[in-house]
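Visitor: All letters in the sequence shown, in the order written, are residues 5 to 259 by our numbering. Ideal Cβ placement from N, Cα and C applies to all residues, glycine included.
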Amino acid sequence: METPLLVLSLFTYLVAETLCYFKKSSEKVFTYITATAMIFHFLALIVRSVAVQHPPFTNLYETFLLLPFLLVLRLVFWRRQFPKNIRWLILVIICLLLLSALVMPTSYKMPKPLMPALNSFWMYIHVPSYFFGYMALILGFINAVALLARRRRNPEQNGLSLVNRMDTEIKIAFLFLNIGMITGGIWAYISWGNYWSWDPKETWALVNIFILAYYFHLDKSTGTKKAVIVILTLLSVIFTYLGVTFILSGLHSYA
């Protein structure tokens with residue numbers, strides 16, 4: 005039922021993305037169009053939640069709807085933080101995630117009851133924490149790519165504003181990834197009697213935190229190295245979320 009709303013949302017995001025090409029495009033028009041797409045997107049999440057009788061973040065399809073929504077929330081309400089080239093990159097990722105959700109097989113979209121272990125208060129902290137972390141990491145990645153592109157064009161530019169924005173996003177990402185890890189351990193103890201089981205996904209989640217922790221040992225004069233660490237972390241997160249899910253089995257195989 006949410007598909008028509010998602011298609012409307014995707015189309016409207018594409019219109020907003022196109023506006024980023026034009027230097028003289030109206031800030032108000034961009035905001036209204038992006039906010040309209042966000043409303044369609046939000047309504048789709050509501051419809052999905054009603055259909056499945058739980059929040060929309062318990063399987064791959066639903067999280068591919070949630071993550072772009074978190075990105076557009078940041079874009080709409082903190083848009084002045086993002087210049088047009090960064091906005092364009094954010095919208096590209098939003099569109100790619102939504103398109104991926106739309107083309108997923110029907111079996112991924114079918115409403116399913118929650119597993120008993122998932123029906124827990126801790127799910128409402130653990131899972132959103134990770135996705136707030138992923139959202140911030142993606143924004144950090146976008147700034148990292150923009151920084152490397154700028155320095156390649158003009159090695160004399162330090163791109164300090166990009167480094168500062170990247171620092172902010174990575175601090176947010178690191179905070180929420182750690183909250184997700186800690187609450188996951190508490191949830192595991194309540195459900196299975198132990199805080200840690202070396203499950204493939206939780207092990208790789210720890211690897212991601214270790215990679216990102218190295219970021220904070222680099223100062224602003226090494227912005228290029230910081231950008232590389234952010235890119236490596238995002239690649240590791242993608243492997244954690246998709247590669248581990250489809251290649252390795254474990255307690256998180258459903259996610």
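(1) Under 8 Å, do L23 and V33 count as touching if we go by C-beta distance?
(2) Are the Cβ atoms of V234 and M170 separated by less than 8 Å?
(3) Using CA coordinates, which residue listed in F180, W92, F220, N63 is at the minimum distance from V19?
(4) Assuming M108 contacts Y65 (C-beta within less than 8 Å), just tell me the rounded distance between them.
(5) By Cβ distance below 6 Å, which residues in the same chain neighbour L152 in space, the five residues on each side in sequence not counted?
(6) Using 10 angstroms around the beta-carbon of T237, count the other beta-carbons present and answer buried if the total reaches 16, otherwise exposed.
(7) Which two residues bound the contiguous alpha helix (DSSP H) that contains Y138?
(8) The alpha helix (DSSP H) that contains M185, what's its start and end?
(9) With a threshold of 6 Å on Cβ separation, who are the neighbours of L181 within its own chain once the five nearest residues in sequence on each side are excluded?
(10) On a Cα-Cα basis, can you pick out the residue from V211, Y17, L239, W208 that is closest to V96?
Guide: Once the coordinates are examined:
(1) Contact flag set, yes.
(2) It is a contact, given that the beta carbons lie within the stated cut-off.
(3) Nearest Cα to V19 within the set F180, W92, F220, N63: W92.
(4) Yes, they are in contact, since the Cβ atoms of M108 and Y65 sit about 5 Å apart, within 8 Å.
(5) Within the same chain, L152 has close Cβ partners A231.
(6) Here T237 is buried: its Cβ has 16 or more other Cβ atoms, across all protein chains shown, within 10 Å.
(7) Counted as a single uninterrupted DSSP element, the alpha helix (DSSP H) harbouring Y138 occupies residues 127-157.
(8) Run containing M185: 164-196, per the alpha helix (DSSP H) assignment.
(9) Excluding positions up to five away in sequence, the list reads G137, I213.
(10) Comparing Cα-Cα distances from V96 to each of V211, Y17, L239, W208, the minimum goes to Y17.
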